[in-house]
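Following: one structure in structure tokens, then a few remarks.
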Amino acid sequence: MHLVALTGGIASGKSTVAQRWREQGAVVVDADALAREVVAVGSPVLSEISQRFGAEVVSDDGTLNRSALGALIFGDSDAREALNGITHPAISRLARERFDEAESRDPAAIIVYDIPLLVESGQSLERFKFVVTVEAERHVRVQRLIDHRGMARNEAEGRVASQATSRERRAVADFVIDANASLAETQHRADGVWSAITDRLHPRL
Ligand SMILES: CC(C)(COP(=O)(O)OP(=O)(O)OC[C@H]1O[C@@H](n2cnc3c(N)ncnc32)[C@H](O)[C@@H]1O)[C@@H](O)C(=O)NCCC(=O)NCCS
Ligand SMILES: Nc1ncnc2c1ncn2[C@@H]1O[C@H](COP(=O)(O)OP(=O)(O)OP(=O)(O)O)[C@@H](O)[C@H]1O
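Numbering (the working numbering), first residue to last: -10 to 194.
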């Protein structure tokens, strides 16, 4: 299986890179999307979250109240670890299923796992042929969260602070994509790394 991990801090530009690679043939499995699937209405994961964090994290229509849960976990590392302990095993199981499905459709597919919390989840990296991290300075990410996601500055800073550091991600990466400059520059750098990956996985004869 040709599995590549794509990580990076919040608002660094992972989705921008993933989209670029998708256009060039990658099969992208998005951990944030899986995290939404595992908390579907009536799911065991949602019920465990409600038992741990209280009924107020579930809205009247039975869906997860994401902002209520976010407010509880982003400033509190014990709460965050408890949430990760509930959600991460289910996310990993689903990811494995998606990788297997993609591989059975096309054994030569390059499957990109877009996972913000690669380092934090402490998972084994052996199954990844390459680990790529997308990096932008802390203040750049905070500003993007304010500009593009309408967050207040303290909320944005809290989210950034709740994650591993760029140095920790770089320590496990085979490639680093610097995403501090323009969007076009990030796309150009993403193309360069994709060429390097495809050349190494599918060398031309
Ligand atoms: C706390 C929740 C409800 C907040 O939802 P919200 O819609 O505001 O954010 P969303 O899910 O779109 O995540 C946005 C970004 O926040 C960061 N983030 C999400 N969860 C975490 C976490 N537990 N620790 C640190 N950063 C996180 C990631 O960079 C992610 O890309 C949600 O993020 C969640 O359920 N998190 C736990 C599951 C998880 O670990 N998801 C990350 C994918 S592995
Ligand atoms: N040079 C750049 N590279 C990448 N994204 C940029 C750049 N300049 C501005 N942006 C914007 O910053 C935001 C980055 O968000 P994106 O969703 O790609 O980040 P992400 O790493 O996937 O975040 P998350 O961890 O929340 O999923 C987007 O709105 C994007 O358009």
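For glycine and all other residues, C-beta sits at the position ideal for the given N, C-alpha and C.
In this structure, how does DSSP classify residue i when only helix, strand and coil are distinguished?
i, result
"V149", "helix"
"E124", "strand"
"H(-9)", "strand"
"I195", "In the structure as shown, the chain begins at -10 and stops at 194. Residue 195 is therefore absent and cannot be evaluated."
"V18", "strand"
"V129", "helix"
"V165", "strand"
"H137", "helix"
"A160", "helix"
"V27", "coil"
"T5", "helix"
"R32", "Checking the displayed sequence, the identity of residue 32 turns out to be Ser instead of Arg. The answer is coil: DSSP assigns S32 none of H, G, I, E or B."
"G43", "coil"
"S171", "coil"
"T187", "helix"
"D176", "Just to set this straight, residue 176 is Gln in the shown sequence, not Asp. DSSP places Q176 in helix when its eight states are reduced to three."
Taking 8 angstroms as the CB-CB cut-off, is residue i touching chain B?
i, result
"G139", "Structure shown: chain B not included; a single protein chain is present."
Near residue i, what residues of its chain come up, given a Cβ to Cβ distance below 7 angstroms and the 5 sequence neighbours on each side ignored?
i, result
"F42", "L58 and L61"
"A0", "R130, R133 and L134"
"L190", "H(-9), I99 and K118"
"E126", "N169"
"V149", "G(-2), I(-1), R127, R130 and V131"
"A71", "R41"
"S151", "F63 and R69"
"V165", "T122, E124 and R159"
"E26", "L83"
"S39", "V46 and V47"
"A79", "V27 and V34"
"D167", "E124 and R178"
"Q13", "W183"
"G147", "F63 and G64"
"T154", "none"
Spatial neighbours of residue i within its chain, please: CB distance less than 6 angstroms, with the 5 preceding and 5 following residues excluded, ordered by chain position.
i, result
"D19", "D103"
"G51", "V30"
"R9", "Q176 and A179"
"S110", "H77"
"M140", "L134"
Near residue i, what residues of its chain come up, given a Cβ to Cβ distance below 8 angstroms and the 5 sequence neighbours on each side ignored?
i, result
"E45", "N54 and A57"
"R158", "T(-4), G(-3), G(-2), L107, V108, T122 and E124"
"R142", "V131 and I135"
"Q112", "S81"
"I75", "V34, E37, I38 and R41"
**Q.** Secondary structure, beta strand (DSSP E): runs of 3+ residues fully inside the region 46 to 119
**A.** 99 to 103, all fully within the region 46 to 119.
(Q) When you compare the region 88 to 97 with the region 160 to 169, are there three or more beta-carbon pairs, one atom per stretch, that lie closer than 8 angstroms? (A) Two segments are said to touch when three or more pairs of C-beta atoms, one from each, lie closer than 8 angstroms; by this definition the region 88 to 97 does not touch the region 160 to 169.
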